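In my numbering, the protein residues as written are 21 to 465. A short worksheet on the structure shown next.
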Ligand SMILES: Cc1ncc(COP(=O)(O)O)c(C=O)c1O
């Protein structure tokens, strides 16, 4: 089918056979055809139009197809920017049949006249508890879940709860780390400290050397953000032991643990046996879409109660109808299917990254074991800032690794989000980046 599209035999005017019919013609199971259509849609060749069938999305002579490298891209008028900013997941679920069915059911429910439950609707809390048990191996009951409007909202709630204990609450973060979290925590009134970390994240031995004890430590153990390593189990246990001894709260940002490409996920800190208090901060921003502004906390113990009290004081910012729709989507298996689809797309794009840049001696690829971004470390003679400017001039937006560093000297590199672009766009963008790298290296002599 790819060949037929590239040669122009199949064009946007052709609608494709229904998966059931094609499967019967080819003598394969329907699942094979569905997966092939999905993959081609992920690569940008096809477009699914729900009940309107599947159609070819590009024309052989169209702008998306010419991938012959930098000369061509440099010469062409750049009207469209391929955005590789991290944090943008693959095609939203909004066109997906399960999603639409979940919403239809939600709006058909008897109209509620009151406010939604402040901690989240019981059906969503219970659906999420089931989802976390299946996807993350967490033994959670619905009472342990608080629905949030995403990670930023969760962090504000946590600071509000900590303010009853300490003023200002001191929160320790990894450096490099998630810049939005630094900004939100400070804006909410926390005093943010940072600790330099390597690819696998924070090491408990570093904490022993700290001056004043932080009230909370925010970590990304399943996929250090943005460097991409994972905290070894030994370090996880040591961190919990330190937290218990120092009565500090652990905030586990579990933002993209659904997407492991190579190695199995390690157990969440929140699931390990310990008397330390751990709050798991989850989000639908990566597994579904940041457009939803929805996430959750898994809470226990005295801190859990304080967080619930704070939510009661502040009220919920999460619309009830969306919670109903999400609960229907999870209960109907739509979320699990969407994640499985997205995981296949990301694995494919990761392979594309390795194919285009993996063999170059002048870059080092990192953070590829999971998630939907990668880190490209650069040689000192290729400043990331200049590479990013040049790439943008040629129509590719990338973010420098430096923007994630808080207090230490930043590393020279880029962070590439590969969730949102199609395979065709990503291939084109990587060719452009490779071309800029070649040119910058030859300019340096
Ligand atoms: C480390 C990290 N945590 C959490 C999130 C999600 O934030 P939110 O749920 O506020 O969209 C992101 C999004 O980019 C992230 O990079």
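C-beta: ideal position from N, C-alpha, C; glycine also. This structure is a prediction, so every number in the text was calculated from the model and none was measured.
Would the beta-carbon of residue i fall within 7 Å of that of residue j?
i: residue 402; j: residue 433; result: no
i: residue 269; j: residue 323; result: yes
i: residue 393; j: residue 106; result: yes
i: residue 253; j: residue 286; result: yes
i: residue 443; j: residue 377; result: no
i: residue 156; j: residue 439; result: no
i: residue 35; j: residue 73; result: yes
i: residue 291; j: residue 414; result: no
i: residue 347; j: residue 144; result: yes
i: residue 316; j: residue 148; result: yes
i: residue 340; j: residue 136; result: yes
i: residue 436; j: residue 104; result: yes
i: residue 272; j: residue 289; result: yes
i: residue 165; j: residue 332; result: no
i: residue 243; j: residue 367; result: no
i: residue 428; j: residue 219; result: no
i: residue 54; j: residue 39; result: yes
i: residue 384; j: residue 397; result: yes
i: residue 308; j: residue 113; result: yes
i: residue 330; j: residue 228; result: no
i: residue 266; j: residue 233; result: yes
i: residue 207; j: residue 191; result: no
i: residue 349; j: residue 122; result: yes
i: residue 375; j: residue 399; result: no
Please check the pair residue i and residue j, which I expect to be a contact at CB under 8 Å, by giving their CB distance rounded to whole angstroms.
i: residue 189; j: residue 236; result: 7 Å
i: residue 65; j: residue 78; result: 6 Å
i: residue 259; j: residue 222; result: 7 Å
i: residue 167; j: residue 140; result: 3 Å
i: residue 274; j: residue 249; result: About 15 Å; that fails the 8 Å criterion.
i: residue 193; j: residue 179; result: Residue 193 to residue 179, Cβ: 13 Å. No contact.
i: residue 169; j: residue 338; result: 5 Å
i: residue 418; j: residue 411; result: 6 Å
i: residue 353; j: residue 116; result: With 8 Å as the limit, residue 353 and residue 116 do not qualify as a contact, their Cβ atoms being about 12 Å apart.
i: residue 294; j: residue 264; result: 6 Å
i: residue 363; j: residue 388; result: About 14 Å; that fails the 8 Å criterion.
What does the Cβ neighbour count give for residue i, buried or exposed, with the cut at 16 atoms within 10 Å?
i: residue 185; result: exposed
i: residue 205; result: buried
i: residue 200; result: exposed
i: residue 306; result: buried
i: residue 344; result: buried
i: residue 86; result: Low local confidence applies: a pLDDT of 37 at residue 86 is under 50, so the model's placement there is unreliable, with the coordinate-based value given in what follows. Result: exposed.
i: residue 131; result: exposed
i: residue 262; result: buried
i: residue 154; result: exposed
i: residue 276; result: buried
i: residue 326; result: buried
i: residue 445; result: buried
i: residue 462; result: exposed
i: residue 28; result: exposed
i: residue 390; result: buried
i: residue 172; result: buried
i: residue 30; result: buried
i: residue 457; result: buried
i: residue 22; result: exposed
i: residue 423; result: exposed
i: residue 313; result: buried
i: residue 101; result: exposed
i: residue 127; result: exposed
i: residue 342; result: buried
i: residue 365; result: buried
i: residue 360; result: exposed
i: residue 146; result: buried
I'd like the span of the alpha helix (DSSP H) that includes residue i, first residue to last.
i: residue 220; result: That residue, residue 220, is in no alpha helix (DSSP H); it is neither H nor E in DSSP.
i: residue 68; result: Element bounds for residue 68: not the alpha helix (DSSP H) but the beta strand (DSSP E), 66–68.
i: residue 349; result: 340–351
i: residue 289; result: Careful: residue 289 lies outside any alpha helix (DSSP H) and carries neither H nor E.
i: residue 150; result: 142–156
i: residue 200; result: 199–207
i: residue 456; result: 443–463
Considering residue i, what are the terminal residues of the beta strand (DSSP E) in which it resides?
i: residue 213; result: 211–216
i: residue 269; result: 269–273
i: residue 195; result: 190–195
i: residue 75; result: 74–76
i: residue 384; result: 383–386
i: residue 312; result: Unbroken run through residue 312: none, as it is neither H nor E.
i: residue 131; result: Unbroken run through residue 131: none, as it is neither H nor E.
i: residue 230; result: No beta strand (DSSP E) holds residue 230; DSSP gives it neither H nor E.
i: residue 433; result: 433–437
i: residue 22; result: Careful: residue 22 lies outside any beta strand (DSSP E), inside the alpha helix (DSSP H) at 22–26.
i: residue 393; result: 393–398
Does the beta-carbon of residue i, which I'm using as the reference point, lie nearer than 6 Å to any heavy atom of ligand 3?
i: residue 149; result: For the structure depicted, ligand 3 is absent and the ligand set comprises only ligand 1.
Which residues have a Cβ closer than 6 Å to any heavy atom of ligand 1, listed in chain order?
-> Qualifying residues, in the order they occur: 107, 170, 171, 172, 198, 240, 245, 273, 275, 303, 305, 310, 315.
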